[in-house]
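**Q** Structure incoming, see below.
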Amino acid sequence: PIYSMSAQNNSIARLDEGMWTTMSQVYRRSRIAQTFLSNYNYEDVGVVQLSPHSTSTWTISPPDEENMKKEAKSKNPITVKLVWTVSRPPSSPEQSGVTKDSQET
Numbered sequence: 001p002i003y004s005m006s007a008q009n010n011s012i013a014r015l016d017e018g019m020w021t022t023m024s025q026v027y028r029r030s031r032i033a034q035t036f037l038s039n040y041n042y043e044d045v046g047v048v049q050l051s052p053h054s055t056s057t058w059t060i061s062p063p064d065e066e067n068m069k070k071e072a073k074s075k076n077p078i079t080v081k082l083v084w085t086v087s088r089p090p091s092s093p094e095q096s097g098v099t100k101d102s103q104e105t
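If you number the sequence shown the way UniProt numbering does, the last residue is 105 and the count never jumps.
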């Protein structure tokens, strides 16, 4: 990965009811989003601000770095894969408390 970070309790903020309503309004025309959001309320959500500083060290060869820069400057689409893991204390012994997912854009 070229970027990695983690957030602990002190860097996770709670959403208030007004923020939840505002966020829900953004997705009001998406049936899929509304179905997903209907399973939660503002007390279930935490907000993490992504740091501009990565915790991972990334190495790339000079030729690959140049190729990457050329590709980024071109008008061709670039695929970005976002992978995340969320862990919290499980509410029961049967649950793992860890959720992982990814999305390519």
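C-beta atoms are modelled at their ideal positions from N, C-alpha and C, and glycine is treated no differently.
If you draw a straight line from the alpha carbon of Ile32 to that of Tyr42, how long is it in whole angstroms?
**A** Roughly 18 Å separates the two Cα atoms.
**Q** State yes or no: is the C-beta of Lys75 nearer than 7 Å to some heavy atom of the ligand NAP?
**A** This structure lacks the ligand NAP, and indeed carries no ligand of any kind.
**Q** Helix, strand or coil for Leu37 per DSSP?
**A** Of the three classes helix, strand and coil, the one that applies to Leu37 here is helix, per DSSP.
**Q** Leaving out five residues before and five after Thr85 in sequence, what residues of the same chain have Cβ atoms less than 6 Å from its Cβ?
**A** Hits under 6 Å: Lys100.
**Q** Do Glu104 and Lys81 come within 8 Å of each other at the CB atom, strictly closer than that value?
**A** Their beta carbons are under 8 Å apart, which means Lys81 touches Glu104 by this criterion.
**Q** Taking the alpha carbon of Ser102 as the point to measure from, which residue in Gln49, Arg88, Val83 and Ser96 has its own alpha carbon closest?
**A** That would be Val83, whose Cα lies nearest to the Cα of Ser102.
**Q** Given a cut-off of 8 Å on the beta-carbon distance, is the pair Ala38 and Met5 in contact?
**A** Reading the sequence as shown, one finds Ser at residue 38 and not Ala. Cβ distance not < 8 Å, so Ser38 and Met5 don't count as in contact.
**Q** To which residues of the same chain is Arg88 closer than 7 Å at the C-beta, ignoring the five residues directly before and after it?
**A** If we look at Arg88 and ignore the five residues flanking it on each side, its Cβ neighbours are Gly97.
**Q** So what's Arg29 in DSSP terms, helix, strand or just coil?
**A** If DSSP states are grouped into helix, strand and coil, Arg29 belongs with coil.
**Q** Which residue from Ser56, Val48, Ser91 and Thr79 puts its Cα closest to that of Leu15?
**A** Checked all of Ser56, Val48, Ser91 and Thr79; the closest Cα to Leu15 is Val48.
**Q** Who are the Cβ neighbours of Ala1 in its own chain at under 6 Å, not counting the five residues just before and after it?
**A** A small correction: the amino acid at residue 1 is Pro; Ala does not occupy that position in the sequence shown. Result list for Pro1: Ser56, in chain order.
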